[in-house]
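J.: Okay, handing you the structure first.
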Amino acid sequence: MQRAFWYTGLVGGGMSLFLTLALVGSLLLNAAAVGSTGSADGGDPDALGHQGEAGAAAPVESDPGAPEYVLRDPTAPDRSEGELHEIELVMSEQPMTVAAGYEQLVWTFGDEVPGPVLRVKAGDVVRITLKNPETNLMPHSIDFHSSMVAWNDEMRSINPGEELVYEFEAKYAGVYMYHCGTSPALMHIANGMYGMIIVEPAEGLPPVDHEFALVQSEWYLGQQGQTIDIAKASTSGPAPDFVVWNGVANQYADHPIEVPVGETIRVFVLNAGPSVDSSFHVVGTIFHEVIKEGIHLAEGNDGGWGSQAVDLSPAQGAIVEMRFDEDGLYPIVTHAFNFVGKGALGVFMAGDGGEPMEGGH
Ligand SMILES: [Cu+2]
């Protein structure tokens, strides 16, 4: 029953969740900024379409007829078996609902944005067969940050109807980005061509109870059914229409990620950008383990240090671990709070979700 309550509350009233955030986290939300977002002014998604910058292209109107978005499973995949990973990646150009009421013509790896999460260990060889189908219109390419290969060889663009083999040894552990690097790379990344590859240490990561993968990225809306607006994405002070986890605005606020109380949660986080920094934070908990770009905060360290937020510039990744001590709701945000009202909001629901908050609901 409580679950149904919270679902209703989260789906039907972004405002209530903002009150939750404000109350639980004592977070400073700019009232004017909140009032200008669709989430906070009564859930009218139309308002989100008017977040485009003054002087930029015409506002993109919400389309109530846009297909419902496809919920992305946030569960991290198991590590691939073996030491040679032969993977076919087909690049597609296809429609995708990136937020309720907004459909774009996106470019993908593997028919999804972000592309599939790949997971290997240090010392493994990854052999990617990259395919650009004849039905596509654009040249594309791939650049694995987990590789050490020449830009003008493996990362070359291929035309529709062509394919290439991109092979590398995963020499260093980390949470890495891969993306299309075809010029202009900003356009290809902003239009959906990015993903995460996890390289575990050679001996593997210690097991934990639950693992998730979250990729932060930005959408700079083009008109309905069109590619993104490259002019909007190119400004030196980028103002995305949406900042999202795993491709779709607010999907894990609409559909909270359920976890047990007290168990260890590991999240692989990547900021795919293309241009905005992330401050990854989960309201109501402290990260006891962080591995960010090779820097390790380990549980049990001298002094008992913990971490509240992990700063990730575009193309930086981290592994963070946490636990939830009480039944309840734990919002997932970038603590760059102007983006929380623009889709960068998810929720971990621990246990039964706790008691409904008094007032405001
Ligand atoms: Cu591309």
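Heads up: the sequence shown begins at 35 in the working numbering, then just goes up one per residue.
From the three backbone atoms N, C-alpha and C, an ideal C-beta is built for every residue, glycine too.
Is it buried or exposed, H222, if we count other Cβ atoms within 10 angstroms and call 16 or more buried?
T.: By the 10 Å Cβ count, H222 comes out buried.
J.: DSSP three-state call for H313: helix, strand or coil?
T.: Here residue 313 is Ser; the residue named in the question, His, does not match the sequence. Three-state DSSP puts S313 in a strand.
J.: Please check the pair F276 and A133, which I expect to be a contact at CB under 8 Å, by giving their CB distance rounded to whole angstroms.
T.: About 5 Å separates the two Cβ atoms, so the contact holds.
J.: So, with DSSP's three-state summary, where would you put M189?
T.: The answer is coil: DSSP assigns M189 none of H, G, I, E or B.
J.: Measuring CB to CB, does E120 end up less than 8 Å from R153?
T.: Not closer than 8 Å, so no.
J.: Kindly provide the ranges of any beta strand (DSSP E) runs that are 3 or more residues long and lie completely inside the stretch 138-203, ordered along the chain.
T.: Listed in chain order, they are 152-155, 159-165, 197-203.
J.: With which residues is L379 paired in a DSSP beta bridge?
T.: DSSP, once it has assigned bridges, lists V367 as partnering L379.
J.: Does the beta-carbon distance from E292 to E323 come in below 8 Å?
T.: No.
J.: Please confirm whether A287 and E252 have their CB atoms less than 8 Å apart.
T.: Not in contact: A287 and E252 (Cβ atoms no closer than 8 Å).
J.: For G387, is the classification buried or exposed, using 16 other Cβ atoms within 10 angstroms of its Cβ as the cut-off for buried?
T.: It is buried - the Cβ of G387 has at least 16 other Cβ atoms within 10 Å.
J.: Comparing alpha-carbon positions, which option in N166, V209, G195 lies nearest F178?
T.: For the residues N166, V209, G195, the minimum Cα distance to F178 belongs to V209.
J.: On the criterion of 16 or more Cβ atoms from any shown chain inside 10 Å, does D107 qualify as buried, or is it exposed?
T.: It is exposed - the Cβ of D107 has fewer than 16 other Cβ atoms within 10 Å.
J.: For ligand 1, enumerate in chain order all residues having a CB closer than 5 Å to any of its heavy atoms.
T.: Going by the Cβ distance cut-off, the answer is H174, C214, T216, H222, M227.
J.: From the DSSP output, in three-state form, read off Q342 for me.
T.: It is coil, neither helix nor strand.
J.: Using the three-state DSSP reduction, which class does Y103 fall into: helix, strand or coil?
T.: It is coil, neither helix nor strand.
J.: Which residues bound the beta strand (DSSP E) around I232?
T.: 228-234 is the span of the beta strand (DSSP E), which, as asked, contains I232.
J.: Is DSSP giving G43 helix, strand or coil here?
T.: In this prediction, G43 has a pLDDT of 35, which is less than 50 and means its spatial position is unreliable; what the coordinates show is noted afterwards. Note: G43 maps to helix in three-state DSSP.
J.: What is the rounded straight-line gap between the Cα of A74 and the Cα of A236?
T.: Legend: pLDDT at A74 = 34, less than 50; position of this residue unreliable, no value from coordinates given.
J.: Are the stretch 322-339 and the stretch 267-281 in contact at 8 Å, needing three or more beta carbon pairs?
T.: No, they do not touch.
J.: Between which two residues does the alpha helix (DSSP H) holding M221 run?
T.: Residues 219-224.
J.: From the DSSP output, in three-state form, read off Y254 for me.
T.: Coil at Y254, not helix or strand.
J.: Could you tell me the boundaries of the alpha helix (DSSP H) in which Y210 lies?
T.: Taken as a continuous stretch (DSSP letters only), Y210 belongs to no alpha helix (DSSP H), being part of the beta strand (DSSP E) at 208-213.
J.: Compare the C-alpha of V317 against each of V104, Y206, F371, G135 and name the closest.
T.: Of the listed residues, the one whose Cα sits closest to V317 is F371.
J.: Can you tell which of E234, G281, I232 has its C-alpha closest to the C-alpha of L255?
T.: It is G281 whose Cα lies nearest to the Cα of L255.
J.: Using the beta-carbon count (16 or more within 10 Å), is E127 buried or exposed?
T.: Buried: at least 16 other Cβ atoms inside 10 Å.
J.: Please name the residue or residues paired with H330 in a DSSP beta bridge.
T.: H330 is bridged to I325.
J.: If you drop the 5 nearest sequence neighbours on each side, which residues of the same chain put their C-beta closer than 7 Å to that of D361?
T.: So the list reads V295, A384, G385, D386, G387, G388, once near-sequence residues are dropped.
J.: Among the residues of its own chain, which have a CB less than 7 Å from the CB of V367, if the five just before and after it don't count?
T.: So the qualifying residues of the chain are H315, V317, V374, A378, L379.
J.: Which two residues bound the contiguous beta strand (DSSP E) that contains N133?
T.: Note that residue 133 corresponds to Ala in the displayed sequence, not to Asn. Here the beta strand (DSSP E) through A133 covers 118-133.
J.: DSSP three-state call for Q285: helix, strand or coil?
T.: In this structure, Q285 counts as helix in the three-state DSSP scheme.
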